[in-house]
Amino acid sequence: MAFIKEHFMYIVIELQTNNGTTSNFVFAFADLADAYAKYHAILSAAAKSSVEVHAAVILNEVGNTIASGHFAHAKETEVEE
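Per the numbering used here: the sequence shown = residues 39 to 119.
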């Protein structure tokens, strides 16, 4: 009896929104652990970034969300003295 291992693809999307413009970066992984490593690396950088909204999501190959998270940083405003 042969066993067939299902092959899944995991997509990590990084979104950066600043001054009304959004950039996205897409990464593909065959292994969920590798996808999570990239996801956490993005969120780690997002925690310290100056980008207004910095987000990450992991999707499987059929589009189901595995994980998502974001950091929203307030815009710095100038204060008149």
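C-beta atoms are modelled at their ideal positions from N, C-alpha and C, and glycine is treated no differently.
What residue does the beta strand (DSSP E) around residue i start on, and which one ends it?
{"i": "A110", "result": "T103 to A110"}
{"i": "V95", "result": "V91 to N98"}
Comparing alpha-carbon positions, which option in the options lies nearest residue i?
{"i": "Y77", "options": "A93, S87 and N102", "result": "A93"}
{"i": "L81", "options": "Y48, A110, F46 and M47", "result": "A110"}
{"i": "V64", "options": "A84, D72, N57 and L53", "result": "L53"}
{"i": "T59", "options": "E90, N98, I96 and A105", "result": "E90"}
{"i": "A83", "options": "G107, A66 and D72", "result": "G107"}
Measure how close the beta-carbons of residue i and residue j come, nearest whole angstrom, since I'm counting them as under 8 Å.
{"i": "I51", "j": "V95", "result": "5 Å"}
{"i": "I49", "j": "A66", "result": "6 Å"}
{"i": "N98", "j": "F46", "result": "6 Å"}
Less than 7 Å between the CB of residue i and some heavy atom of the ligand ADP, yes or no?
{"i": "I104", "result": "With respect to small molecules bound, the structure shown includes none, and the ligand ADP cannot be examined in it."}
Contiguous beta strand (DSSP E) assignments of at least 3 residues, all confined to the stretch 47–72: Qualifying beta strand (DSSP E) stretches, in chain order: 48–56 and 59–67.
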